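Structure first, commentary second.
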Amino acid sequence: MQVAPLTFTRLEPPDPTSPELQALESGDQVDLEGLQRLPQGPAAVAAATSGHRRRLTARQAHSRELREALGKPDTGGFSTGDGGGSGQERRRWLEAIDPDLTAGPDEGPDSDYVKVSYLRRRYTSYYVAGVEYWINDDPRRVQSVTFILNVCGQANPLSRQDLEPYWSDTRALHSPSLPQFFNTCSHDILPFRPDENPIVGPIDVPCEGTPSSGRPFHPDRCTDRELLGWAAWAEDYVRREHPEVPLTREFPLRRVFVLPDLPACRSWASLASVGCSTRFPCPVFIKATPSLTPGALAAQLMHDLAHTYSMDHAGAAAGAASPDALGGPRADASCPMGAAGEVAGLVCPNAANSYKTGWNQFLARPRGGIYNLSGGFEELIELPATSAKLSSLVVINLTPAMTSPVPYLRSPVYILSYRLPEGYTEGNKSPHDDALPPGWFAPPDQPHPPASPPSPPPAPWLYDSGLDPELIGRVYVHRYDGDLSYEGTPARPELVASAREPGLLTFPDSEPLGKYVRIRLMSRNTAKGTVQVRVCTSRSGEKALEETDENTCYDNFDNDCNGRKDCEEDSCMEAGVC
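Last residue of the sequence shown? That's 569 in the numbering used here, and every number before it is there in order.
What follows is the structure in C-alpha cells.
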C-alpha cells in the first residue's frame, strides 16, 4: 500500500485572539476560507491570478502559537496524508516574518501559508478515541528517539555526549533531567528510561534531497516540507545504518529532531505536537542555537514533550499569583507549560495539566468517595501538597446556569491544589522559607516549631524544587473549561486565584466561581505538610460575601465560609438582625 506523505499547511488566522481559535486542539475539524500565496512560477501565477477563494476542511487545527493544519494535496481539504491525525502543532515565535521561499515554484500544499478570512470549528476531536491520554492507574513509559542533525553543512553545536546526561537520572547535574521530570512529576505514572529513549547522531542531511516520503526539501526554505523532509531523511538513515535502534513507521511515536540554527528557520525556536495519535508519529523540533546549553535544551524539551501528552499552555489572570502578577495565555509561573522555567530546578505542571494526563488525581474523602464536588456543600478539607501524593486535588463543578451568559465551551470546573517542594517542612527550612509571610499560622492546638538555620537550596531533581519562592506554600485555583477526562479537550487551564495567607480567596469579577463559591484558607498543619481549606458552595443562587442583614443572616449559607452561618455570626448579632 502506498502511503501519501505527511504535509502541513500554515494558517494565518483573521483574529489570533479569538476564544474559539485559542480553544482548538488536536483532532478538531474546522471549516475555513482563505487565499494561499504561492511562490512565483507559471502554475503559481495562474493560480494566484484566478483569485478564487478556496473552502478547505481541516482535521487538524491549532491555536495562535503555530497556526498550522495538516494537509493532503489530492483532497482539496486538509487532513493527514495517511488519513489520521498526528497532533496539533505549537511554535514559540521569535519574530513576525514571512516564509523564506526562494527555491522557485512549488505548488504543494505545504509550500506557503493560507491567509484565512473565515474559520470555525465543525466537530471536536474526530479521532479522540485513538489519542494517547493516560489512564490513571495504568503506568506507561515515555518512548522516543532523538535525532541530532547537521543540515547542508551547518554543524549542530550539541553532540550526543552533551545530551546523554540529561537523558539519565544522574544527580550530578545543576538542572533537572528528562527522567527526573517525567518520573517525579508523574508520580511514576509515566516513567522515562534512557534505554527506551536513544539519541542518534549527528546525522548529515544534504542541502537538497528527496527522502522516502517523496517530498523534496531545499536549504533556502524552512516550510514544513523541509522540516518533515529533514526528519524523513534522518529516519531513513537510522533504519539503514543503525538497525539496533527500534524505529518503524508507528514506533516510537515521539521523535525529537535537534536542528542547527538555520537562517531560514529564524522565526521559531521549537515546535511540538499537542496530543499524539496512537497510529502516527508526532514530531518535536528544537533549534540548537549557539547559546543553548544542554540543560536548557532538556528544559525546553520537557515543555515540548509534555505538549505531546496533551498538556496545553498555562495561562493566568492578572493578579492571580500575586497582586502585581501580570496575566496572559502563558502567564502561569507555577507551570512549565506557562512561565516557569526548569533550568534552576524542577517545576511540575499545574493541577489542570497534571490531572488531564493522570499525573495527579482526586483527593479521597475520609469517609469514602472523592472530592469531585457539585451542588451545595460546606466542607473543611485537609489538602496535601501535590508533591506528596498522587491523589491531592479537589474539583468544584459549576452548572450551566451559574456560568450564563459567559460563553464557555463547557461549564468550567475549578481545581484546588497546594504546592510545596518535595521534602519541604517547617523543621527543615530552606531559603524559600524567607518568602513565607508571618500571617501563616498553625492550628491553635499545634505550636509553631522553633526556627532553624537555613539549609542549602533544594536539590534540582526534587518535585517543585525550582518553584519560585513567591509561589511556595500557596493554595491554587485553576479554571479548566474542558471535560476532566483522559481524552483530548479543547481548552486551556488558567490560574484564577491563589493565596498563602489565611483568609478568603478573591477572584476576578469575570469568574462565575466567585459568585457561587467561597474558598477560605484556614490554616496549615506544619507537621503533615497540609493546609486546611474550607469550601462553601451555594445551590440556590448567587450569594453575598458577608452576613449583615436579614437576607444574608437567614439564607442558611455560610457566606464568608468561616464555619459559622446566619445567627451564629457575630456580624448578624451586631447588626441587630438576630
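We treat Cβ as the ideally placed atom computed from N, Cα and C, and that holds for glycine.
This one's a predicted model, so the numbers in the text were calculated from it and none came from an experiment.
(request) Would you kindly check if the distance between the Cβ of M513 and the Cβ of L337 is under 8 Å? (result) The answer is no: Cβ separation not under 8 Å.
(request) Take E217 and list the residues in its own chain whose beta-carbon comes closer than 6 Å to its own, dropping the five residues that flank it on each side. (result) In chain order, F208 place their CB closer than 6 Å to the CB of E217, counting only its own chain and leaving out the 5 sequence neighbours on each side.
(message) Less than 7 Å between C-beta atoms, sequence neighbours within five positions excluded: which residues of the same chain meet that for D153?
(response) P285
(request) Give the DSSP-derived three-state secondary structure of L288 in the structure shown. (result) helix
(message) Buried or exposed, going by whether 16 or more other CB atoms sit within 10 Å of the CB of E565?
(response) Residue environment: E565 is assigned as exposed (fewer than 16 neighbouring CB atoms within 10 Å of its CB, all protein chains considered).
(request) For chain B, find out if any of its Cβ atoms is closer than 8 Å to the Cβ of C569; answer yes or no. (result) Note that chain B does not occur in the displayed structure, where there is just one protein chain.
(request) Compare the Cα-Cα distances from S378 to each of D295, T521, A263 and report the closest residue. (result) T521
(message) Does the structure place the stretch 246 to 259 close enough to the stretch 269 to 283 that three or more beta carbon pairs sit under 8 Å?
(response) yes
(request) Using DSSP bridges, identify the partner residues of Q352. (result) S382
(request) Report buried or exposed for R246, applying the criterion of at least 16 other Cβ atoms within 10 angstroms of its Cβ. (result) buried
(message) Taking the alpha carbon of G366 as the reference point, which residue from N388, K380, A490 has its own alpha carbon closest?
(response) N388
(request) Report buried or exposed for T214, applying the criterion of at least 16 other Cβ atoms within 10 angstroms of its Cβ. (result) buried
(request) Provide the residue span of the beta strand (DSSP E) that contains A343, from first to last. (result) Run containing A343: none in the beta strand (DSSP E); it sits in the alpha helix (DSSP H), 342 to 347.
(request) Please determine, among G310, V265, S345, P484, the residue with the shortest C-alpha to C-alpha distance to I180. (result) Answer by Cα proximity: S345.
(message) Using CA atoms only, rank isn't needed, just tell me which of L317, L169, L381, N147 is closest to V196.
(response) Here the closest residue by C-alpha is N147.
(message) Check whether the stretch 259 to 268 and the stretch 130 to 145 are in contact - that is, three or more C-beta pairs closer than 8 Å.
(response) Contact between the stretch 259 to 268 and the stretch 130 to 145 is absent, because fewer than three Cβ pairs lie under 8 Å.
(request) Please classify V229: is it buried, with 16 or more other beta-carbons within 10 angstroms of its beta-carbon, or exposed? (result) buried
(request) With a cut-off of 8 Å on the beta carbons, I'd call P182 and N174 a contact; round off their distance for me. (result) 5 Å
(request) In the DSSP assignment, find the alpha helix (DSSP H) that holds V545 and state where it starts and stops. (result) The amino acid at residue 545 is misidentified as Val; the sequence shows Tyr. Per DSSP, Y545 belongs to no alpha helix (DSSP H) and is neither H nor E.
(request) Could you check how far apart the C-beta atoms of C569 and C544 are, in whole angstroms? I think they sit under 8 Å. (result) The pair is a contact, with the Cβ atoms about 6 Å apart (cut-off 8 Å).
(message) Is it the case that the stretch 319 to 335 contacts the stretch 482 to 492, given that we only count it when at least three CB pairs across the two stretches are under 8 Å?
(response) Contact between the stretch 482 to 492 and the stretch 319 to 335 is present, because at least three Cβ pairs lie under 8 Å.
(request) Name the two residues that bound the continuous alpha helix (DSSP H) containing D227. (result) 215 to 232
(request) Alpha carbon to alpha carbon, how far is Q171 from C339? Give it in angstroms, no decimals. (result) Within the model, the alpha-carbon separation for C339 versus Q171 is close to 10 Å.
(message) Which residue wins for smallest C-alpha separation from C198, given the options N141, R231, E241, P4?
(response) N141
(message) Please report the distance separating the alpha-carbon of V107 from that of D6.
(response) When rounded, the distance between both Cα atoms is 9 Å.
(message) Quick check on T239: buried or exposed, where buried means 16 or more other Cβ atoms within 10 Å of its Cβ?
(response) exposed
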